[in-house]
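Q: Below you will find the structure I want to go over with you.
Protein chains: 2
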Amino acid sequence: MIMRGDVAVIGVGMTKFDEHWNKQLRDLFVEAALEALDDARVSLKDVKAMFVGNMGSGMWVEQEHLGSLLADYLGISGVPSLKVESACASSGMAFRLGLMSVTAGLHDVVLVGGVEKMSDVTTSESTHHLATAADREWEAFYGMTFPGLFALIARRHMKQYGTTREQLAKVAVKNHKHGSYNPKAQYQRAISIEDVLNSPLVADPLRLLDSSPISDGAAAVIIARSDIARRFTDTPVYVLGSGAATDAIALHDRDDITTLRSVVLAAKEAYNMAKVEPEDVNLAEVHDCFTIAEILAYEDLGFARKGEGGKLIDEGVTELGGKIPVNPSGGLKAKGHPVGATGVAQVVEVTLQLRNEAGKRQVSNAEIGLTHNIGGSGASCIVHILGRGRR
Amino acid sequence: MIMRGDVAVIGVGMTKFDEHWNKQLRDLFVEAALEALDDARVSLKDVKAMFVGNMGSGMWVEQEHLGSLLADYLGISGVPSLKVESACASSGMAFRLGLMSVTAGLHDVVLVGGVEKMSDVTTSESTHHLATAADREWEAFYGMTFPGLFALIARRHMKQYGTTREQLAKVAVKNHKHGSYNPKAQYQRAISIEDVLNSPLVADPLRLLDSSPISDGAAAVIIARSDIARRFTDTPVYVLGSGAATDAIALHDRDDITTLRSVVLAAKEAYNMAKVEPEDVNLAEVHDCFTIAEILAYEDLGFARKGEGGKLIDEGVTELGGKIPVNPSGGLKAKGHPVGATGVAQVVEVTLQLRNEAGKRQVSNAEIGLTHNIGGSGASCIVHILGRGRR
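Taken in order, these protein sequences are the chains called C and A.
So the first sequence is numbered by this note's numbering: it starts at 1 and just counts up by one.
So the second sequence is numbered by this note's numbering: it starts at 1 and just counts up by one.
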């Protein structure tokens, strides 16, 4: 409870998410970090610690020790800096660690970033590296990959609750529409329901256009003690709540694969800390690695009752202009999903929205925003609630 | 400063460090964690968060998402749990994060562990994976490995300060002697100076017996808010200071390769927080990945003046029975070095020493102990100071 409103986001930055053939992991990180520093009007010497989210740089680009490497290349070598890994929730977790370090009184101004460089290897190698987020002994070893795991979840959700193939497609259509307004999105073009339904089958019922892409990119935010935030910026955004939880890593060890218990637990912690209810949330950036994951998020975050996520997309509630716009950035689907960067990129988007600086994709009257970042098939989840006011 | 004495170590556990052909990474971690829980008289349901140090499980055993996986296999799935990486300083950093989470008021009782399973691949693959802790673009890509990097440091130290080949050997001899008293050490046999000098050359001037081995193993500690520690144990050990810092990752970017600036900075932070001086330290577990690294540690931690580390080993100051016994556990050299487990294993040893439970290797009248855990060639360093009393 003690964290509520104590820490503010004072600056944000991110690279375009894309296939960056001419940039290295370190280049992408430094680009995002410098943009965030510039945005916060913070100089390098003010940064007292750094937390970097990254899933698998050792596997993808043969480089670990990112905490030190990236502090060095950014020009702040000396400060404590580390890498945190929680699969695709790595930088959501890094953000939480940054908050902890400020709340614990260790540091006043901290840089939190996330980065992944995935396109330097073949798609099958990337699929292998991503599958290390599943249970090696019981899932990955037998050839199970993430499209397969989410396909199982989708099939079960369809059977149990009557969720339709078209409803899944509508998630992708919505997020691509939103992405078309975001100059930093990997895909800035609208698609139709037919496009999704006619795209190649990946793991039945999920198709190519149900799936987030393989991406390169980085995102960064500067956080500070709230009581000094206005020394740097006129538009601090406050962190009201933080929640993190885990679940059984293998799908077969869960009681019900249509509910991600880690999300339910993390959301509860975050809502309690922030003293807000799901209906108070004005916008959310959720982890739509596959379209079904956004439907689950609606339900597990309390935006819809269990089983009624599909209805929410049918009714347009989560579109820009709806009651709770979800993924105004384009989400993982259209904005791109450099896995280690995704959690912080969500914080970047919510911050821009709460500062009323989101351009064509601006959610009107946004006071409270939520981020939802999951690892693997939901074995970890981090939820953050940010507010325009400190409350 | 606010952390000093606020957090206590209430239980410790570790596997034997060894080549564990019949155990998986997850088995090793659970074994160490259960021993720590048992030692702390803490039940699984009391553990509110977990921090795991690990350098490269994705590369070595194709398994990431260790935070979730290990919480699941330990039986505490649900609680927030993550993996932190800072090369060979990964679990020293995990310990610091655990302290932060308690100090920030997020959790009362936390499990911090470290684990690495290195022996399932060839030695050359392990050497490759370890080299991801160096600068890929400027060091590893050109074939530079860690024996080579530390050999450069050793050569320069010998030239600049007259440190001798025999002094380096004496570090290994001392640590093997200490290791012979430690039932959990990988090597429990004494060696002679001649053994070291006649062992195969690895990277001139460093020989096989100057080098820590490739190991499998895990270590775990339970930490709690100091004011509730005695609910669980009669022998809490208090964390008095914590320091972390980074340095340029590539050796060629440092002003002086005979001083690890990360160590100097981290030690300063830890000493200041603990309000102790180097001469107050009764024992230390330092990061002797190669013999030269222990000589540097003497100097950079303030046990000896710069250049006089060799004299300290000549004078027997750092042997059991000397003024500041260093690596009573056997150190990385003899105890073994499963890289992600090393930092927490150092805390395990210092805790046992301060509880007067270290058996044949007990340091008499130990009141204050220090741990020194470095990543790569010193691009990151974490120092902790623990005390028998809260002070």
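Backbone N, C-alpha and C define an ideal beta-carbon position, used for all residues, glycine too.
CB-CB under 7 Å to Asp-210(A), same chain, minus the five flanking residues each way: which ones, in chain order?
A: Within the same chain, Asp-210(A) has close Cβ partners Leu-168, Ala-172, Val-196, Phe-290 and Thr-291.
Q: Given a threshold of 16 other Cβ atoms within 10 Å of its Cβ, counted over all protein chains shown, does Asp-18(A) qualify as buried or as exposed?
A: Per the 10 Å Cβ criterion, buried.
Q: Pick helix, strand or coil for Glu-349(A), following the three-state DSSP scheme.
A: In this structure, Glu-349(A) counts as helix in the three-state DSSP scheme.
Q: What does the Cβ neighbour count give for Gly-389(A), buried or exposed, with the cut at 16 atoms within 10 Å?
A: Exposed is the call here.
Q: Three or more beta-carbon pairs under 8 Å between the stretch 336-352 of chain A and the stretch 375-389 of chain A, yes or no?
A: Output reads yes: the stretch 375-389 of chain A touches the stretch 336-352 of chain A.
Q: Measure the alpha-carbon distance for Ala-245(C) versus Val-350(A) and round it to whole angstroms.
A: Going from the Cα of Ala-245(C) to the Cα of Val-350(A) covers about 31 Å.
Q: Are there 16 or more other CB atoms within 10 angstroms of the CB of Tyr-142(A), so buried, or fewer, so exposed?
A: Result: exposed.
Q: Over what stretch of residues does the beta strand (DSSP E) that includes Tyr-142(C) continue unbroken?
A: Counting along the chain, Tyr-142(C) falls outside any beta strand (DSSP E), and DSSP gives it neither H nor E.
Q: Going by DSSP in three states, Ser-119(A) sits in which element: helix, strand or coil?
A: Ser-119(A): coil per DSSP, three-state reduction.
Q: How many angstroms separate the CA atom of Thr-233(C) from the CA atom of Asp-227(C)?
A: Cα-Cα distance, rounded: 12 Å.
Q: Please classify His-252(A) as buried or exposed, where buried requires at least 16 other C-beta atoms within 10 Å of its C-beta.
A: With fewer than 16 Cβ atoms within 10 Å of its Cβ, His-252(A) is classed as exposed.
Q: Measuring only from the beta carbon, is Pro-325(C) closer than 7 Å to any heavy atom that is part of the ligand GDP?
A: Looking at this structure, you won't find the ligand GDP or any other ligand, since it has none at all.
Q: Under the rule that 16 or more other beta-carbon atoms within 10 Å means buried, what is Glu-85(C), buried or exposed?
A: Classification of Glu-85(C): buried, given that the 10 Å Cβ count is 16 or more.
Q: Can you round the beta-carbon distance between Lys-335(C) and Gly-179(C) to whole angstroms, since I take them to be within the 8 Å contact cut?
A: Yes, they are in contact, since the Cβ atoms of Lys-335(C) and Gly-179(C) sit about 6 Å apart, within 8 Å.
Q: How many Å lie between Gly-92(A) and Arg-254(C) at the Cα?
A: Taking the straight line from one Cα to the other gives about 33 Å.
Q: Look at Pro-80(A) and Gly-217(A) and say whether their C-beta atoms are less than 8 Å apart.
A: In this structure, Gly-217(A) does not lie closer than 8 Å to Pro-80(A) by Cβ.
Q: Does DSSP classify His-372(A) as helix, strand or coil?
A: Correct three-state label for His-372(A): strand.
Q: State yes or no: is the C-beta of Ile-324(C) within less than 8 Å of the C-beta of Asn-282(C)?
A: Against a cut-off of 8 Å, the Cβ pair of Asn-282(C) and Ile-324(C) comes out as a contact.
Q: Considering only the alpha carbon of each residue, which of Gly-375(A), Gly-340(A) and Pro-328(A) lies closest to Ala-366(A)?
A: For Ala-366(A), the nearest C-alpha among the options comes from Pro-328(A).
Q: Hey, is the stretch 4-14 of chain C in contact with the stretch 234-241 of chain C, meaning 3+ C-beta pairs nearer than 8 Å?
A: Enough Cβ pairs lie closer than 8 Å, so yes.
Q: Short of 7 Å Cβ to Cβ, which residues in the stretch 233-249 of chain A face chain C?
A: Answer set for the stretch 233-249 of chain A: Ala-244, Ala-245, Thr-246, Asp-247, Ala-248 and Ile-249.
Q: Does chain A have any CB closer than 8 Å to the CB of Gln-353(C)?
A: Cβ-Cβ to chain A under 8 Å: no for Gln-353(C).
Q: Please state the DSSP three-state secondary structure of Phe-146(A).
A: In the structure shown, Phe-146(A) sits in a helix (DSSP, three-state: H, G or I).
Q: Is the Cβ-Cβ distance between Glu-116(A) and Gly-340(A) less than 8 Å?
A: In contact: Glu-116(A) and Gly-340(A) (Cβ atoms closer than 8 Å).
Q: How is Met-1(C) classed by DSSP in three states: helix, strand or coil?
A: Bear in mind that a pLDDT of 44 at Met-1(C), under 50, signals an unreliable position, so the model cannot answer this.
Q: Can you list, in chain order, the residues of its chain with a C-beta nearer than 8 Å to that of Ser-43(C)? Leave out the 5 residues immediately preceding and following it.
A: Counting only Cβ-Cβ distances below 8 Å, and skipping sequence neighbours, we find Leu-37.
Q: Could you please give the first and the last residue of the uninterrupted beta strand (DSSP E) stretch that includes Gly-387(C)?
A: It spans 380-387 - the beta strand (DSSP E) in which Gly-387(C) sits, taken as one unbroken run.
Q: On the three-state DSSP scale, how would you describe Glu-19(C)?
A: If DSSP states are grouped into helix, strand and coil, Glu-19(C) belongs with coil.
Q: Just curious, the alpha helix (DSSP H) that Ser-226(A) is in, first and last residue?
A: Run containing Ser-226(A): none; DSSP gives neither H nor E here.
Q: So, with DSSP's three-state summary, where would you put Ser-242(C)?
A: Strand, per DSSP.
Q: Give me the subset of the stretch 76-89 of chain C whose CB atoms are less than 8 Å from a CB atom of chain A, sorted by chain position.
A: Result list: Ser-77, Gly-78, Val-79, Pro-80, Ser-81, Leu-82, Lys-83, Val-84, Glu-85, Ser-86 and Ala-87.
Q: Would His-20(C) pass as an interface residue toward chain A - the criterion being a Cβ-Cβ separation below 8 Å?
A: Not one chain A Cβ lies under 8 Å of His-20(C).
Q: Distance, Cα to Cα, Pro-147(A) vs Ala-185(A)?
A: One C-alpha to the other measures close to 22 Å.
Q: Helix, strand or coil, according to DSSP, for Ser-262(A) in the structure here?
A: If DSSP states are grouped into helix, strand and coil, Ser-262(A) belongs with the helices.
Q: So Ile-313(C) is in the alpha helix (DSSP H); what residue range does that whole segment cover?
A: Segment 309-314, the alpha helix (DSSP H) holding Ile-313(C).
Q: Can you pull the chain A neighbours of Gly-136(C), defined as C-beta to C-beta under 8 Å?
A: The sequence shown places Arg at residue 136(C), not Gly. Residues of chain A passing the Cβ test: Val-61, Glu-62 and Gln-63.
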